[in-house]
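Trainee: Here the sequence shown is numbered in the UniProt record's numbering, starting from 1 and rising by one per residue. Using N, Cα and C, we set each Cβ at its ideal position, and we do this for glycine too. Just dropping this structure here.
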Amino acid sequence: MHPPAHHTTSGAQHAMRDLVRIGLVGVGIIAKTHLEVLAEQPRVTLAFTADPHRNEAVGFRGTKPPHYATLTHALTEHQPDLIVLATPTNTHADLVGEALTQSSARVLVEKPLVHDLDSLARLRSLQGTEDVHGRVFTAHHFAFSPEVRWAAQQIAEHPNWGPITAITSAFYDPYVLRGEQAFASYVSSWTDSGVNQLSMLARFVDLTALTSAHPMDAGASAWCTAAYRSRGTVGSARLRTSWRTGSSSKETVLIFGHSGVEIWIDHTAMTGFTARGDALLAAYGNDGKTPRKIAHYRPLHESLLSAQPDPVLSFDTAVTITELHHSTPVPGAGVE
Numbered sequence: 001m002h003p004p005a006h007h008t009t010s011g012a013q014h015a016m017r018d019l020v021r022i023g024l025v026g027v028g029i030i031a032k033t034h035l036e037v038l039a040e041q042p043r044v045t046l047a048f049t050a051d052p053h054r055n056e057a058v059g060f061r062g063t064k065p066p067h068y069a070t071l072t073h074a075l076t077e078h079q080p081d082l083i084v085l086a087t088p089t090n091t092h093a094d095l096v097g098e099a100l101t102q103s104s105a106r107v108l109v110e111k112p113l114v115h116d117l118d119s120l121a122r123l124r125s126l127q128g129t130e131d132v133h134g135r136v137f138t139a140h141h142f143a144f145s146p147e148v149r150w151a152a153q154q155i156a157e158h159p160n161w162g163p164i165t166a167i168t169s170a171f172y173d174p175y176v177l178r179g180e181q182a183f184a185s186y187v188s189s190w191t192d193s194g195v196n197q198l199s200m201l202a203r204f205v206d207l208t209a210l211t212s213a214h215p216m217d218a219g220a221s222a223w224c225t226a227a228y229r230s231r232g233t234v235g236s237a238r239l240r241t242s243w244r245t246g247s248s249s250k251e252t253v254l255i256f257g258h259s260g261v262e263i264w265i266d267h268t269a270m271t272g273f274t275a276r277g278d279a280l281l282a283a284y285g286n287d288g289k290t291p292r293k294i295a296h297y298r299p300l301h302e303s304l305l306s307a308q309p310d311p312v313l314s315f316d317t318a319v320t321i322t323e324l325h326h327s328t329p330v331p332g333a334g335v336e
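Below, the structure written as structure tokens:
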């Protein structure tokens, strides 16, 4: 048995080892994606899994690492370098706190980081004794989708386009067919998809405030707006989420009003194009061989395993997104 290791090393010093021992907590649907991507990483070994709702060990590269009912039990037997939390959102705060205080591991939490602002405050209060900012990361996987990273590269390579002056993003999921089960699992369309939209937009702009929020269809749809800053200019994002559809569809449009450039990205197809007026400036496609979730989580884990994880994974980014996601809208906020 290994005693808990108490660590307060800085994020810069808390780099991943050559061989990364991983503990996976929660072995539901999204855990399968984590396992598939992690199995591709030669530096990774799965030390254990934990889930009170499963009795059997999970297969990983032809082996079955030890399985435990709780993280508490697992940490008495193992010293992981990374703990992946793929559990219901309302369990995140307690599990992150336990991982921080009972191990020296980095912690990757499935999005959203927490389910309410009180839970966020609890995690922030640990910073006095634990390196929360250096060890806690959130799986904002939409920000790693290939079309999103392509659009971000387009923006970085063309400062002459000026600021992003307007954004429209619409995320549709066919959960209306699931009835009450959808609300039990995902709460509402804004709760489920809003965090994906906000974390994706954090790749392009600095989000500053939620300026309006209008839930509709008893929570199955929503229309929200958010203020942001882009290259010194204030802009507004229009965000539509809805379950009232028979198929998934997710798109975002970035408008560069000073130059007339537009970037259209299709998150469902993982494609995009840039245009000005009638002219096509650039286009992005893919070979269709990589499933969407794998295309998201593969670069996410590659970044996390590096010495300098992408800032979109950081605790600070998660704080900003959580506060906006759960905030009371302030009309006119961010307008100068």
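Give the secondary structure of Met270 by DSSP, where H, G and I count as helix, E and B as strand, and everything else as coil.
Mentor: Position 270 of the sequence shown holds residue 270. Three-state result, Met270: coil.
Trainee: Considering only residues of the same chain and omitting the five flanking positions on each side of Gly235, which have a CB-CB separation below 8 angstroms?
Mentor: The residue you call residue 235 lines up with position 235 of the sequence shown. The answer, listed in chain order, is Pro163, Ile164, Thr165, Ala166, Ile167, Val205, Ala227, Tyr228 and Arg229.
Trainee: Would you mind stating whether Gly26 and Thr87 have Cβ atoms separated by less than 8 angstroms?
Mentor: Here residue 26 refers to the residue found at position 26 of the sequence shown. Here residue 87 refers to the residue found at position 87 of the sequence shown. Cβ atoms of Gly26 and Thr87: closer than 8 angstroms.
Trainee: Rounded to the nearest angstrom, what separates Ser221 and Thr245 at their Cα positions?
Mentor: Here the question's residue 221 lines up with position 221 in the sequence shown. Here the question's residue 245 lines up with position 245 in the sequence shown. Approximately 10 angstroms between the Cα atoms of the pair.
Trainee: In the DSSP output, what is Asp51 paired with across the bridge?
Mentor: Taking the sequence shown and counting its residues from 1, the one referred to as residue 51 is at position 51. In the DSSP output, where bridge partners are listed per residue, Asp51 has none listed.
Trainee: Taking the straight line between their C-alpha atoms, what separation do you get for Asp116 and Lys289?
Mentor: The residue given as residue 116 occupies position 116 in the sequence shown. The residue given as residue 289 occupies position 289 in the sequence shown. Asp116 and Lys289: Cα-Cα distance of roughly 38 angstroms.
Trainee: What's the gap between the Cα of Ala218 and the Cα of Arg61?
Mentor: Residue numbering aside, residue 218 sits at position 218 when the sequence shown is read from its first letter. Residue numbering aside, residue 61 sits at position 61 when the sequence shown is read from its first letter. Looking at the two C-alpha atoms, the distance is approximately 44 angstroms.
Trainee: Is Val114 near Thr322, with beta carbons less than 8 angstroms apart?
Mentor: For the purposes of this step, residue 114 is taken as the residue at position 114 of the sequence shown. For the purposes of this step, residue 322 is taken as the residue at position 322 of the sequence shown. Against a cut-off of 8 angstroms, the Cβ pair of Thr322 and Val114 comes out as a contact.
Trainee: Which first and last residues belong to the alpha helix (DSSP H) in which Tyr284 is found?
Mentor: In the sequence shown, the residue the question calls residue 284 occupies position 284. Counting along the chain, Tyr284 falls outside any alpha helix (DSSP H), though it belongs to the beta strand (DSSP E) covering Ala279 to Tyr284.
Trainee: I'd like to know whether the C-beta atoms of Pro309 and Ser212 end up nearer to each other than 8 angstroms.
Mentor: Here residue 309 refers to the residue found at position 309 when the sequence shown is read from its first residue. Here residue 212 refers to the residue found at position 212 when the sequence shown is read from its first residue. Against a cut-off of 8 angstroms, the Cβ pair of Ser212 and Pro309 comes out as no contact.
Trainee: Determine whether the Cβ of Val312 lies closer than 8 angstroms to any Cβ atom of chain C.
Mentor: Looking for chain C here will not work: only one protein chain is present.
Trainee: May I ask you to report which of helix, strand or coil DSSP gives Gly26?
Mentor: Position 26 of the sequence shown, counted from the first residue, corresponds to residue 26. Looking at Gly26 - three-state DSSP - the assignment turns out to be coil, as it is neither helix nor strand.
Trainee: Can you tell me where the alpha helix (DSSP H) with Thr185 in it begins and where it stops?
Mentor: In the sequence shown, counting from the first residue as 1, residue 185 sits at position 185. A small correction: the amino acid at residue 185 is Ser; Thr does not occupy that position in the sequence shown. Glu180 to Tyr186 is the extent of the alpha helix (DSSP H) around Ser185.
Trainee: Nearest to Ser145 by CA position, among Val319, Asp192, Asn196 and Asp118, is which residue?
Mentor: For the purposes of this step, residue 145 is taken as residue 145 along the sequence shown, with counting starting at 1. Comparing Cα-Cα distances from Ser145 to each of Val319, Asp192, Asn196 and Asp118, the minimum goes to Asn196.
Trainee: Along the chain, which unbroken stretches of the alpha helix (DSSP H) at least 4 residues long are found entirely within the region 91–176?
Mentor: Listed in chain order, the complete alpha helix (DSSP H) runs (minimum 4 residues) inside the region 91–176 are 92–102, 117–125, 132–135 and 146–157.
Trainee: In the DSSP assignment, what are the bridge partners of His214?
Mentor: Residue 214 sits at position 214 when you count from the first residue of the sequence shown. DSSP lists Trp223 as partners of His214.
Trainee: To the nearest angstrom, report how far apart Thr70 and Ile30 are at their CA atoms.
Mentor: The count along the sequence shown starts at 1 and reaches residue 70 at position 70. The count along the sequence shown starts at 1 and reaches residue 30 at position 30. Each residue's Cα considered, the two are about 18 angstroms apart.
Trainee: Would you kindly work out how many angstroms separate the C-alpha atoms of Ala307 and Phe142, rounded to a whole number?
Mentor: The count along the sequence shown starts at 1 and reaches residue 307 at position 307. The count along the sequence shown starts at 1 and reaches residue 142 at position 142. If you take the alpha carbons of Ala307 and Phe142, they lie about 21 angstroms apart.
Trainee: Under 8 angstroms by Cβ, that's how I've got His67 and Thr49 pegged, so tell me the actual separation to the nearest angstrom.
Mentor: On the sequence shown, residue 67 is found 67 positions in, with the first residue counted as 1. On the sequence shown, residue 49 is found 49 positions in, with the first residue counted as 1. Confirmed, about 5 angstroms.
Trainee: Anyone know if the C-beta pair for Leu75 and Ser103 falls short of 8 angstroms?
Mentor: On the sequence shown, position 75 is the one that residue 75 refers to. On the sequence shown, position 103 is the one that residue 103 refers to. Yes; because the gap between Cβ atoms is below 8 angstroms, this pair is in contact.
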